[in-house]
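Chains as they are written, first to last, in the working numbering: chain Y, 217 to 430; chain X, 217 to 430. The beta carbon of each residue, even a glycine, is placed where N, CA and C say it ideally should be.
Number of protein chains: 2
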Amino acid sequence: MRSDGKYRQILKMTAKPDETRFELQRHRILKAAAACFNQKGYSGTSLKDVSRHLGLTDAALYYYVKNKEELVFQCYLRAAELGREAMERAVRDGDTGFEQALLYIQYHVEIMVGDAGPVAIMSEIPSLKRVHRNEILEVSRQHSASFETILRRGIEDGSIAPCDVRMTGNAIMGSINWIPKWFHGKTDMAADICSEFPMILTLTLKNQDRRPVS
Amino acid sequence: MRSDGKYRQILKMTAKPDETRFELQRHRILKAAAACFNQKGYSGTSLKDVSRHLGLTDAALYYYVKNKEELVFQCYLRAAELGREAMERAVRDGDTGFEQALLYIQYHVEIMVGDAGPVAIMSEIPSLKRVHRNEILEVSRQHSASFETILRRGIEDGSIAPCDVRMTGNAIMGSINWIPKWFHGKTDMAADICSEFPMILTLTLKNQDRRPVS
DNA sequence: CAATAATTTTAATGTAGATTAAAATAATGC
DNA sequence: GCATTATTTTAATCTACATTAAAATTATTG
């Protein structure tokens, strides 16, 4: 049993609890699955697709997750978690609303194109079981809300030009969420993304020259 | 036979060739399919899902498309076509590069949230058969290239601040592509999107205040 | 209204892929 | 090295679709 008595405790002394053989493999699996899902969608990738990426048999995956749905759910949870961390660090590290927005984008994008990736795109939430779906939706909403709060903060402290925070948030998040669709691990491009995206996406927040479009 | 002799010709006199009973139904089907695919992904939606939306049987769809793969392909083609039209109109209607970019975003977004929608998100291109995949990839690349050309034009004519056109294009397109993920037909929100997105996404192109991020 | 063509349904068939149990192999602690 | 526990595989089973052919229905035309 992977979490029993003496064995677990001994490991705990030498490594983070998350770095047991089991957790390491589980982690590899989640990343392989995320890569597959991002390519061909949740239902479009078979467990064989995922396991092939790992040099395993499809059946082996069942040692780590209860079933396929659980696998996506975990992928989505991980994506949410990484996003949340980026948001928290940004709020902690930035002073003005603008700085926090900039940092959040920077952190999140770095995570998505860096070694932590690939991060799953949450594009098939409706396929999850109700409980899982609700949990992901909740954390998603939370994430959007946090970003909108940052924007509002920036507008108040004068670092961000007044704007429709809901729409601005949607626009910026969309850009970020879509990255895995066209980025596939090229290191040089990763650098471009990290240096350009934060700037591109925050320029929108600076400009005072706002007037009706047509 | 739907395209034979006298019958077809008579219809041609009273309506656009695209408005035959057959073409109308085909069109309804593509839109229903796009809605389903955007929700649960290509492989995640069964033909029954699609046909249920139409008050039909799954088997009926085979009268309009050869198979399921053909159905996605057609959805993607339609999406590409609508995007291309927006781009062409924008280039025709706008003078400066900036105006063209603004108009393109405006036109494309209006199409996506308007009556022409739902438009399929091309998120499972790798699941298409090689020929179809190549065709969609080609037209996709073409689309990106056109937008980048507009950006370069704007930089040259001074209407757009110098920028990494590749990344800027990716950022803007990502925002637009992601819209169907969170927009689900609410009319009032459609208005917000149409009025806000073009502005939000082009503010990025105006600002001269560019400096390294960190 | 009859006849022909267009559309849709009913009822099978076939297959990919998720899932499971039992057996086999690999790792670990003593 | 032995015993135990952890991990992976092999080999079945089961089910949800995609797909098809033939029949039924609905529309159109003269």
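Do you know offhand how far residue i's Cα is from residue j's?
i, j, result
"X:Val241", "X:Ser339", "It is worth fixing the name first, because residue 241 of chain X is Gln in this sequence and not Val. Those two C-alpha atoms are separated by around 25 angstroms."
"Y:Ile352", "Y:Val288", "11 angstroms"
"Y:Met383", "X:Ser262", "32 angstroms"
"X:Arg305", "X:Tyr320", "7 angstroms"
"X:Phe399", "Y:Asn254", "21 angstroms"
"X:Val329", "Y:Glu239", "43 angstroms"
"X:Ala336", "X:Leu419", "27 angstroms"
"Y:Ile244", "Y:Asp380", "Per the sequence shown, the amino acid found at residue 244 of chain Y is Arg instead of Ile. Those two C-alpha atoms are separated by around 40 angstroms."
"Y:Ala276", "Y:Lys284", "12 angstroms"
"X:Ile395", "Y:His269", "31 angstroms"
"X:Gln316", "X:Phe413", "15 angstroms"
"X:Ser411", "X:Lys264", "37 angstroms"
"X:Tyr323", "Y:Ile416", "22 angstroms"
"Y:Gly271", "X:Ala249", "36 angstroms"
"X:Met405", "Y:Asn393", "20 angstroms"
"X:Ser391", "X:Ile409", "11 angstroms"
"X:Ser362", "Y:Val347", "44 angstroms"
"Y:Ala295", "X:Arg300", "33 angstroms"
"X:Tyr278", "X:Gln290", "13 angstroms"
"Y:Ala387", "X:Gly385", "14 angstroms"
"X:Asp360", "X:Glu297", "For clarity, residue 360 of chain X is Ser in the given sequence; the question names Asp instead. Taking the straight line from one Cα to the other gives about 13 angstroms."
"Y:Arg369", "Y:Ile327", "24 angstroms"
"Y:Ser375", "Y:Lys256", "41 angstroms"
"X:Lys397", "Y:Gly401", "24 angstroms"
"X:Ile371", "X:Thr236", "46 angstroms"
"Y:Met389", "X:Glu364", "21 angstroms"
"Y:Val307", "Y:Thr403", "28 angstroms"
"X:Ala407", "Y:Gln358", "24 angstroms"
Please return the same chain residues whose Cβ sits closer than 7 angstroms to the Cβ of residue i, not counting the five positions on each side in sequence.
i, result
"X:Asn423", "Ala377"
"Y:Ser343", "Tyr258 and Ser259"
"Y:Thr273", "Ser267"
"Y:Lys247", "Pro334"
"X:Asp373", "Thr312 and Gly313"
"X:Lys345", "Glu285"
"Y:Val429", "Low local confidence applies: a pLDDT of 48 at Y:Val429 is under 50, so the model's placement there is unreliable, with the coordinate-based value given in what follows. The answer is none, since no qualifying residue turns up."
"X:Asp465", "Absent from the model: residue 465 of chain X. The displayed extent of chain X is 217 to 430, so no value can be given."
"X:Tyr280", "Gln241, Arg242 and Ile245"
Quick one: list the residues of chain Y neighbouring residue i, beta-carbon separation under 8 angstroms, in chain order.
i, result
"X:Met383", "Asp408, Ile409, Glu412, Phe413 and Ile416"
Please return the same chain residues whose Cβ sits closer than 8 angstroms to the Cβ of residue i, not counting the five positions on each side in sequence.
i, result
"X:Ile341", "Tyr292, Arg349, Ile352, Leu353 and Ser356"
"X:Val325", "Ile392, Ile395, Ile409, Cys410, Phe413 and Pro414"
"Y:Ala332", "Leu298"
"X:Leu367", "Gly313, Ala317, Ile376, Cys379, Val381, Thr384, Gly385 and Leu421"
Which residues of chain Y have a Cβ atom closer than 7 angstroms to the Cβ of residue i, listed in chain order?
i, result
"X:Ala387", "Ser391, Phe413, Ile416 and Leu417"
"X:Pro397", "The displayed chain sequence assigns Lys, not Pro, to residue 397 of chain X. By Cβ distance, chain Y contributes Ser339."
"X:Pro342", "Gln255 and Lys256"
"X:Asp331", "By Cβ distance, chain Y contributes nothing, its closest Cβ being about 19 angstroms from X:Asp331, past 7 angstroms."
Going along chain Y, which residues have a C-beta under 9 angstroms from residue i?
i, result
"X:Ile371", "Here the premise fails: no neighbours, minimum Cβ distance about 14 angstroms."
"X:Asn423", "Leu419, Thr420, Lys422, Asn423 and Asp425"
For residue i, collect the residues of the same chain with a Cβ closer than 6 angstroms to its Cβ; drop the 5 residues on either side in sequence, then sort them by chain order.
i, result
"X:Met303", "Tyr320 and Ser362"
"X:Ile226", "Note on X:Ile226: pLDDT 25, under 50, position unreliable in the model; no value is reported."
"X:Ala251", "Pro334"
"X:Ala231", "The predicted model places X:Ala231 with a pLDDT of 35, which falls under 50 and marks its position as unreliable, so this point remains unresolved."
Which residues in chain X have a C-beta closer than 9 angstroms to the C-beta of residue i? List them in chain order.
i, result
"Y:Asp311", "Correct list: empty, because the minimum Cβ distance to chain X is about 14 angstroms."
Give me the chain X residues within the contact set of residue i, using Cβ-Cβ distance strictly less than 8 angstroms, ordered along the chain.
i, result
"Y:Asp404", "Neighbours of Y:Asp404 on chain X: none; closest Cβ ~12 angstroms, over 8 angstroms."
By the 7 angstroms beta-carbon criterion, what residues does the region 235-263 of chain Y contribute toward chain X?
Gln255, Lys256, Gly257, Tyr258, Ser259 and Gly260
Whole runs of the alpha helix (DSSP H) within the region 278-340 of chain X, excluding any shorter than 4 residues
284-309 and 313-329
4 or more residues per run - each alpha helix (DSSP H) lying fully within the region 345-373 of chain Y:
346-372
Which residues, in chain order, does the region 263-279 of chain Y contribute to contact with chain X at a C-beta distance below 9 angstroms?
none
Tell me the start and end of each unbroken alpha helix (DSSP H) in the region 241-283 of chain X that is at least 4 residues and wholly inside, in chain order.
263-270
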